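Numbering (full-length UniProt numbering), first residue to last: 1 to 140. Working notes, structure below.
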């Protein structure tokens, strides 16, 4: 258990108190437990992660600052279909009633939002993606 030799428990605890996301807190709790002697196998089972993920997270603390270790590197992914301006317009629409856009329904459904996006932005999204957009908006 020579990993994290250069990282103190005190510094990990400080970072845990300042953690801004659940994922960062989880990584810090894993590092603290590892420093306390909990095996990678046990941590893997406890947190429902693969052993390779636990090792990868612990390695991050070896080669990066704690602040960098708890965050993922940015991944480019697929570019959004909607421009920033269109995303802003969609957000405004979701904060409004569908009746403001001459729809008969008084609340947004995935099907109605899918139709609205197609009509106003000429972009097709799957119903699953539209449901995710509605969930994300509800959580803001």
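A virtual CB, placed ideally from N, CA and C, is assigned to each residue, including glycine. Note that the structure is predicted; figures quoted are calculated from it, not measured.
*My understanding is that residue 19 touches residue 70, with C-beta atoms under 8 Å, so please give their C-beta distance in whole angstroms.*
7 Å
_Taking 8 Å as the cut-off, does the region 71 to 89 touch the region 106 to 126 (at least 3 CB pairs, one atom from each stretch)?_
yes
_Sequence-distant residues of its chain with Cβ nearer than 7 Å to residue 28 (five each side left out)_ = 12, 15, 16, 19 and 70
*residue 81 by DSSP, collapsed to three states: which one?*
coil
*Go ahead and pull the three-state DSSP assignment for residue 49.*
coil
_Simplified DSSP assignment, three categories, for residue 37_ = coil
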